[in-house]
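For the sequence shown, the working numbering gives the first residue as 62, with consecutive numbering after it. Okay, so here's the structure we're looking at.
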Amino acid sequence: MAGTERASGRTALARAGFSDLGDADRLLTEVADTLGLARAAVLDGAEAAADPDAALASLARIARRDPAALGAAVRRVGSTLWLLLGASNGFADFYLRHPEELAFVPDASVTLPTADVLVAELRDAVGADADGFAADGDEAAWVALRIRYRRLLARIAVVDLSASDAVEVLPAVAATLADAAGAALEASLCVARTRVAGAAGTGLFPREQVEATRLAVIGMGKAGARELNYVSDVDVIFVGGGTEELTSEIGESRVIDIATRLAVQTMRGISGMEIEPPLWEVDANLRPEGKQGALVRSLDSHLAYFDRWAKSWEFQALLKARPLAGDRILGAEYVEALQPKVWTSAARENFVDSVQRMRERVTEFIPPDEVAYQLKLGPGGIRDIEFTVQLLQLVHGLADDRIRQRGTLDALEALVAEGYIGRADAAAFARDYRMLRVLEHRMQLRELRRTHLMPQTPEGLRVLARASRLASDGPGVWALWEAIKREVREIHVRLFYRPLLSAVAALPAEEQQLSTAQAHDRLAAIGFRDPAGALRHIGALTGGISRKASIQRHLMPIMIRWFADGVDPDYGLLAYRRISERLGETPWFLRMLRDSSGAAERLTHVLSGSRYIGELMEWIPESVAWLDSDDQLRPRSGVALQDEARAIQARHETIGDAMRAVRNLRRRELLRLAFGAILGTLTIEELAEGLTTVSEVTIQATLRAVRREVVPPEDAALDFSVIAMGRFGGGELGFGSDADVLYVYDANGLDPERAHELSRQLVAGLRTYSEDQRVPFDLDADLRPEGRNGPLVRSLDSYAEYYRRWSLSWEAQALLRARGVAGSVNLIRRFMAIADEVRYPAQVQVQDLREIKRIKARVENERLPQGVDRARHVKLGPGGLSDVEWLVQLIQHEHAHALPGLRTSSTLDALEAARAAGLVPDAAAARLAASWRLASRLRSANTLLSGQTSDVLPTDRAKLDGIGRLLEYPARSATLVEEEWLRTARRARRDFEKLFYG
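Here it is, written out as structure tokens:
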């Protein structure tokens, strides 16, 4: 029978969560026998204990010391004892030292004490009178203070541990812990006054002088923010002073001496070694000059220090300052005097960088073997949240007093309410912060010791999971910790290192808040030509009380600065307003600009630098999202674009609908390439390749759609192809370039007349459906045989016959850049075989070379627009694109038959092949390539700037400066751009004349 009872008892122990059932069974019997209670009565409530084995061991130790006190407590609040001792060996040690304190263990219905109750209790513990002097000044007073403090701490812990949701009560618990710390400092100061005034043989000053001395204890950090831990350093700053009578009687120096003695004794009462262990460390190292500085300063001395010598981190520390104990009036004066300095500190040079670096240093000093366990200081820990919130407050708090909050959670609420942080990020930060703090509290309760390291044993994690009730077991609480770390770190890195923070912090204070008249003058001063119009746009963007308007108000000061740094700030702001209105209530737009690593600055750069981009973005406003990703700014591959174009055509039944979608695809990809060109992420070669690919895909998709409409199934044998010519054939398109093409067909068994008619309809359809009024796309067939006088489309046999019998030298030259891009692959191969015979002849007639040179001279004389300065024409002018291309083509025509390396449609590849073959000197090749590249860049930049195609370098200095800015020259570089082009072109022209004309 006894064995059955023992087995049943062990089953109950297992259900209650005990691990060592044998030892638990033995101890439970011992406690029950010692207290004269039934085992079940002792065990009642054990299932709520985080570590029932440790709790039972503690009960056994206390029972051996004072069975009467423990028996009474078990009968009265047994469940609470299990809860408290199961979570805290530290409280078990306390009750073992002072079993009489068991009489004050509250039941689970107790509430958190108020700040007034805490102060009254601790003053009562030291017998403080109305003047703030303790009844005794000996060590016994400090012991009494510490015992009463721990009695009150147990009450707070019971409320915390009994709560159904520890995360929910965390803010109230942390605030009460801060209030308890303040009350303890207040009571310790009472003891200090008695000691300094003559009690216990340590007095140095008369009581009336001590009474007239003012000492304010300023709470910093978590104590100041009312978000303290169970066992944490309490950061303080001491401010001393005295009544006017005392100061005039003994002098300020003597007053500060008294205040310093009071501060020393106050700290000793909390942290000094006595019979009862210290409560926590009182840390005064945040004072001016740190450990090297005076412990106590007057208010004027504090102000002088912060005016002249304080570092950025010291202002950050003041963010949470509040009077904690001592002279509340002096403490309030200190906070009131220094708070304005806190909110102007972000304007200090490199403030944001210094705060970011300080956070990094904190992480660097963590021992490597502790990084994975550091709940507070490690990556993804409490400090990541606190530093992020504080930096956002300090940067934006100068202009917005609504976010000037001490507490982390209160600050988060204010930041999200005013639009400085997204709702999702704020909710995640708040949730994660509360859970991290709950884990921190449970870890510190365990031994009532300061710790921030997650348990490193399975048993420690199991106990933490039960104590926090955030997970069901040890692996679960570790998985939760890892998930929180990842989420916190991701948000921290994204927000803490926002370029927008540094930019806003660098704004002069006067620019963050301006009257209308001041704003008008300021806009004019920084470069807006129409400040009144700019003010209207700003008003439209920021007016109202919506969250969207609130975020725009935060963004606008720095974005205005960035617009002003651009080429055309007026147009940039106008385009930004239009895009904002097009996106309307889209939630991601403003959130991305605020939180991104650089999207806002990139947006102002592209809009103020390019009308081409601004006009396209009005129709594709969602493209703003690309600015947040370098990958999105890279050209898409031809295969990816082809797949998308085919999918588009599969989804649309009519050719009109399909081609509208293809045109949108083309516009979108042109905009992507324009972004890359403006932002400097693409070279001129990558840009040309991307533009060429977009044109090829557009023609291929258009031909597929038109053929489906024009060519019936019975005529499907018809072969039709498009041949790229000129810069299109060379893969060297720029913004605004025409697409030079030839059209060729092969009847392939069809009636010749029928084949020609179908081919003519295909060409007509290609030209019609490829038209784009918004971003023109001209298929130019002027390089066909006989030029504009010849038929638009020919059969392959017609081309072969023409080139064999009648082709002119310029037509052979034009074929040097021929390249098939759409239609029948077999037909393209056959056409290129014919072209090779014409453009790479085995024998070149001297008169053909002379004819090419004659035509080049004629082009220079006749094709240049009237009134245009020849030197400024980057295509046809001296040293321009035409010079380099004609020279390369002449060399290809003459030598490509013998030198296969010259058989390429690319100008630069052919020039390199000519250099390698010794046909062009190395230095000349370098100068010619440099001129060609610069001309190509200038041509595209001119189009991007104005939105209109032009081959002429503008004479307008503002436009020329704008082109320079797009090419990454410094501001006001119009003359530099002009001189570089003229110099580069002049050198290339000399090489051209020598090599081309001989």
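Just so you know, even glycine gets a beta-carbon here, dropped at the ideal spot from N, CA and C.
- Taking 9 Å as the cut-off, the Cβ atoms of residue 265 and residue 329 do not count as close.
- Taken through DSSP and simplified to helix, strand or coil, residue 179 comes out as helix.
- In the pairwise beta carbon analysis, the segment 505-525 is classified as not touching the segment 87-106: fewer than three pairs are separated by under 8 Å.
- About 6 Å separates the beta carbons of residue 802 and residue 842, which is inside the 8 Å limit, making them a contact pair.
- DSSP, read as helix, strand or coil, puts residue 433 in helix.
- If you draw a 10 Å sphere on the C-beta of residue 372, you find fewer than 16 other C-beta atoms in it, and that means exposed.
- Classified as buried, residue 180 has 16 or more neighbouring CB atoms from the shown chains inside 10 Å of its CB.
- In the three-state scheme derived from DSSP, where H, G and I count as helix and E and B as strand, residue 1028 is classed as coil.
- The distance from the Cβ of residue 765 to that of residue 710 is about 6 Å, consistent with a contact at the 8 Å cut-off.
- Comparing alpha carbon positions, the residue from 612, 636, 671, 623 closest to residue 649 is 612.
- Boundaries of the beta strand (DSSP E) harbouring residue 384: 383-387, taken from the DSSP string.
- Per DSSP, the beta-bridge partners of residue 1013 are 934.
- Rounded to the nearest whole angstrom, the CA to CA distance from residue 226 to residue 525 is 15 Å.
- Around the C-beta of residue 449, 16 or more other C-beta atoms lie within 10 Å, and the residue is accordingly described as buried.
- Taking C-beta atoms as the reference points, residue 417 and residue 452 count as a pair closer than 9 Å.
- For residue 975, no beta strand (DSSP E) encloses it; the enclosing alpha helix (DSSP H) starts and ends at 968-977.
- When DSSP reads this structure, residue 406 sits in no beta bridge, so it has no partner.
- Taken atom to atom, the span from the alpha-carbon of residue 305 to that of residue 311 is near 10 Å.
- The three-state reading of DSSP puts residue 860 in helix, counting H, G and I together.
- With fewer than three CB-CB distances shorter than 8 Å, the segment 718-734 does not count as touching the segment 773-786.
- Look at residue 806 here: in three-state DSSP terms it is strand.
- As DSSP reads the structure, residue 277 sits in a beta bridge with 300, 387.
- The alpha-carbon separation between residue 381 and residue 468 amounts to approximately 7 Å.
- In the DSSP assignment, residue 780 falls within the beta strand (DSSP E) that extends over 780-785.
- In terms of CA proximity to residue 112, 153 leads the group 355, 153, 97.
- Boundaries of the beta strand (DSSP E) around residue 883: 880-884.
- In this structure, the beta-carbon distance from residue 394 to residue 204 does not fall below 9 Å.
- According to DSSP, residue pairing for residue 855 in a beta bridge involves 805.
- Cβ atoms of residue 657 and residue 627 stay farther apart than 8 Å, at about 18 Å.
- Proximity of the segment 288-297 to the segment 499-512 meets the contact definition, three or more beta-carbon pairs being nearer than 8 Å.
- The C-alpha of residue 136 lies about 24 Å from the C-alpha of residue 506.
- Residue pairing by DSSP places residue 768 in no beta bridge whatsoever.
- Here the segment 829-839 makes no contact with the segment 1031-1048; the two share fewer than three CB pairs at distances below 8 Å.
- The beta carbon of residue 423 is closer than 8 Å to those of 438, 444 in its chain, skipping five residues each way along the sequence.
- In the structure shown, residue 743 adopts coil according to DSSP, grouped into three states.
- Residue 426 is classed as exposed because its beta carbon has fewer than 16 other beta carbons within 10 Å across all chains shown.
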